[in-house]
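> Could you have a look at this structure, given as structure tokens, before my questions?
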Amino acid sequence: MTDDTETPSLSAARRIAHIAPLTTLSEKVRASHTALIVIDMQNDFCASDGFVAKGGRDVSHVQQMAKRLPALIEHARGAGVLVVFVRCAYSTDDNRYLSDVWLEQAARRQGGGYTLMPVCQDGTSGGEYYGCIRPAAGDIVVTKHRYSTFHGTDLDMILRSHGVRTVVLTGVSTHVCVETAAREAFVRDYYTVVVGDGSAAYSQQEHETALKLVDRFFGEVTSIDDIRPLWSPRNL
9 MTDDTETPSL SAARRIAHIA PLTTLSEKVR ASHTALIVID MQNDFCASDG
59 FVAKGGRDVS HVQQMAKRLP ALIEHARGAG VLVVFVRCAY STDDNRYLSD
109 VWLEQAARRQ GGGYTLMPVC QDGTSGGEYY GCIRPAAGDI VVTKHRYSTF
159 HGTDLDMILR SHGVRTVVLT GVSTHVCVET AAREAFVRDY YTVVVGDGSA
209 AYSQQEHETA LKLVDRFFGE VTSIDDIRPL WSPRNL
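Residue numbers (the numbering used here): 9 to 244.
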């Protein structure tokens, strides 16, 4: 069904597509086919004594965002949205995951991270979840070893097994792992929504630049206030 305000381009998209496109935020984030993905909310990326902060970068934007995220996660759970936590496991004592390419880049640009100091190593405080942002019973946890939430993980299989059509992305950092997730979700034909105030980077410019890029090419940018009313508690 179309209406008088629909653009000619969207009308053409409806005609060409084999499956009717979801065109509104409400349609896209319907709880029955949506996953909320919480990316890399770990101490090394968020805490004042984590790897990023030790390297001299400003984690204040991340910490402010982290205050807003728990309520959104809990609201998603209550609405029956699939909640997926994505965590990094990079450093190990026997260097199981980091290639020469990764380590050379780290040596040039990461101020000793990954080479002189571990990053998101299991069993260390840096690899632990930040604050109260952590999985609950029933949430799914995916562990990754690269910036991508999809590369070398079973995330795509999990999402498709649950009938997910839309991923709602939150976490850190907007311009690296969140943006990478948006790119890769889009090319796998998921509707992609990034929560602007539910994600953060280490400068406002990096954050805003990433959101503009996502909105232009890979998905839709929204806010916590816009998305929460679209997820009704299951007991209502």
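Each residue gets a CB set at the ideal place from its N, CA and C atoms; glycine is no exception.
Predicted model, so just to flag it, every value in this text is computed and none were measured.
Kindly list the residues whose CB is nearer than 6 Å to the CB of E136, restricted to its own chain and excluding five residues on each side of it in sequence; keep chain order.
As a working note, residue 136 is residue 128 in the sequence shown. N51, listed in sequence order.
> Assign F225 to buried or exposed, taking buried as 16 or more other Cβ atoms, counted over all protein chains shown, within 10 Å of its Cβ.
For the purposes of this step, residue 225 is identified with residue 217 of the sequence shown, where counting begins at 1. Classification of F225: exposed, given that the 10 Å Cβ count is below 16.
> Do you know how far the Cα of F59 is from the Cα of L167?
The residue labelled residue 167 in the question sits at position 159 within the sequence shown. The residue labelled residue 59 in the question sits at position 51 within the sequence shown. Those two C-alpha atoms are separated by around 31 Å.
> Just the Cα atoms here: how many angstroms apart are L124 and S99?
Translated into positions along the sequence shown, residue 124 becomes position 116. Translated into positions along the sequence shown, residue 99 becomes position 91. Approximately 11 Å between the Cα atoms of the pair.
> Which residues in the same chain have their Cβ closer than 6 Å to the Cβ of H218, if we skip the five residues on either side of it in sequence?
Counting from 1 along the sequence shown, the entry for residue 218 is found at position 210. It should be noted that the sequence gives Ala, not His, for residue 218. Around A218: T182, H183, E187.
> Given a threshold of 16 other Cβ atoms within 10 Å of its Cβ, counted over all protein chains shown, does S19 qualify as buried or as exposed?
Counted from its first residue, the sequence shown places residue 19 at position 11. Counting Cβ neighbours within 10 Å, S19 comes out exposed, since fewer than 16 surround it.
> Just tell me which of F158, K62, V201 has its CA closest to the CA of C96.
Position 88 of the sequence shown holds residue 96. The shortest C-alpha separation from C96 is found at F158.
> Just to confirm my understanding: we take R85, look at its own chain, exclude 5 residues before and 5 after, and list those with CB closer than 8 Å. What are they?
On the sequence shown, position 77 is the one that residue 85 refers to. Hits under 8 Å: V91, A144, G146, D147.
> CB-CB under 8 Å to M9, same chain, minus the five flanking residues each way: which ones, in chain order?
Working through the sequence shown from its first residue, we reach residue 9 at position 1. At M9 the pLDDT is 44, less than 50, meaning the model places this residue with poor confidence and gives no usable figure here.
> Thinking C-alpha only, which one of T161, A61, D233 is nearest F93?
Working through the sequence shown from its first residue, we reach residue 93 at position 85. Of T161, A61, D233, the residue nearest in Cα terms is T161.
> Once the 5 residues before and after Y138 are set aside, which same chain residues still bring their CB inside 7 Å of it?
The count along the sequence shown starts at 1 and reaches residue 138 at position 130. For Y138, where only same-chain residues beyond five positions count, the Cβ hits under 7 Å are M49, Q50, N51, C54, A55, A74.
> From what residue to what residue does the alpha helix (DSSP H) around S59 run?
For this step, residue 59 is matched to residue 51 along the sequence shown. First, the amino acid is wrong: residue 59 is Phe here, not Ser. Residues 59-62.
> Can the beta-carbon of Y198 be found less than 7 Å from the beta-carbon of V175?
Along the sequence shown, one-based indexing puts residue 198 at 190. Along the sequence shown, one-based indexing puts residue 175 at 167. The answer is yes: Cβ separation under 7 Å.
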